[in-house]
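Residue numbers (this note's numbering): -7 to 99.
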């Protein structure tokens, strides 16, 4: 048996734009990367496992959050998909393509 521990931030729990626990879990997970000044490059496999959902449900969730301007999703050529939580009034920002490897430099 295995388990995962997810940190859910208070401001995410109280955000009235997020209506389901899955939305709150996903936004909190992505926000946790931003809190560390890192990019979130999580794969569909990982996110669907984390949220205990299938691919169509995950894709609908990502699309809904992007359409409601809560998430930014960047598919730049030659790099993995980058996910970021959009803060009201803040400019969109994405990591540099080399940042994906910064995670491994500390291991």
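Ideal Cβ positions, reconstructed from N, Cα and C, are used throughout, including at glycine.
Asked                                                                                       : Found
Where the beta strand (DSSP E) containing residue 63 begins and where it ends               : 63 to 66
Residue 42 beta carbon less than 8 Å from that of residue 20                                : no
Cβ-based burial, residue 62 [other Cβ within 10 Å; buried from 16]                          : buried
DSSP state of residue 26 mapped onto helix, strand, coil                                    : helix
Residues that residue 75 bridges to, as DSSP identifies them                                : 32, 65
Same chain only: Cβ atoms within 7 Å of residue 47, ignoring 5 sequence neighbours per side : 36, 40
Coil, strand or helix - residue 4 by DSSP                                                   : helix
8 Å contact criterion, which residue 75 and residue 32 should meet: CB distance rounded     : 4 Å
Alpha-carbon spacing of residue 34 relative to residue 18, whole angstroms                  : 11 Å
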